[in-house]
Amino acid sequence: MNIIDEIGILAISTRLQRLSEQLRKDGALIYKSFDIDFEPKWFPVIYTLHVKEILSVVEIASEIGYSHPSTISLLKEMEKNKIISSKKDKLDERKRLILLTVKGKELVTKMQPVWKIMQNALTEITDNQNNLLRAIEETEQKLERQSFFQKAAELKS
């Protein structure tokens with residue numbers, strides 16, 4: 001056990017980041033083992049476009065829960081890799097609509113059986129006495145009502 005593990009709740013952000021990095025790294029290895037050239041960080045966008053087909057940048061950011069600048073940087077990377085393309089909205093010239101390219105759609109088809117395997121593996125990994133996904137959902141709901149900063153400010157006064 002290291003110092004971060006020992007200090008408990010104070011290091012929750014560090015622990016979650018460590019867990020996230022491990023899952024992302026293993027996710028990349030899983031895709032590679034199936035001979036799929038794909039970055040796990042692209043997953044929320046490709047999956048969202050697979051389901052919703054065509055969305056504006058703002059709509060994608062909202063669907064995946066990322067900031068607008070983070071979403072734009074992810075989209076640029078995916079466009080450079082020819083997974084997505086964009087076109088101007090006919091109704092609003094300022095708005096860009098994002099959709100999967102043929103390559104993106106082929107990638108989804110190739111990844112779907114892998115997603116099933118990943119889903120089963122993650123279900124087993126997180127199905128513990130204290131279910132991780134439920135705990136995350138409960139924490140996110142609390143944070144929607146009152147941020148960490150707001151709670152700390154309240155406790156300070």
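Everything in the sequence shown is counted per the UniProt record's numbering, starting at 1 for the first residue and increasing by one.
C-beta: ideal position from N, C-alpha, C; glycine also.
Asked	Found
DSSP bridge partner residues for L99 (one or two, in chain order)	I54 and S85
Where S147 falls: helix, strand or coil (DSSP)	coil
Spatial distance of I83 from V102 (CA atoms)	8 Å
Minimum C-alpha distance to E79 - residue among L132, E137 and I46	I46
Residue range of the unbroken alpha helix (DSSP H) whose run includes D127	Premise fails: D127 is in no alpha helix (DSSP H) and is neither H nor E.
Limits of the unbroken alpha helix (DSSP H) element including Y66	Here Y66 belongs to no alpha helix (DSSP H), and DSSP marks it neither H nor E.
Presumed contact (8 Å Cβ cut-off) between T71 and I60, rounded CB distance	6 Å
Local Cβ density within 10 Å of E104, reported as buried at 16 or more and exposed below that	Checking the sequence, you will find Gly at residue 104 rather than Glu. Result: buried.
Assigned exposure category for I125 - 16 Cβ within 10 Å defines buried	exposed
Residues near E63 in its chain [Cβ-Cβ closer than 6 Å; skip 5 each side]	T48
Rounded distance between the beta-carbons of L97 and S56, thought under 8 Å	6 Å
Buried versus exposed call for F34 [16 or more other C-beta atoms within 10 Å across all chains shown]	exposed
Nearest-angstrom Cβ-Cβ length linking F38 and M111, presumed shorter than 8 Å	7 Å
Simplified DSSP state of I136, which is helix, strand or coil	helix
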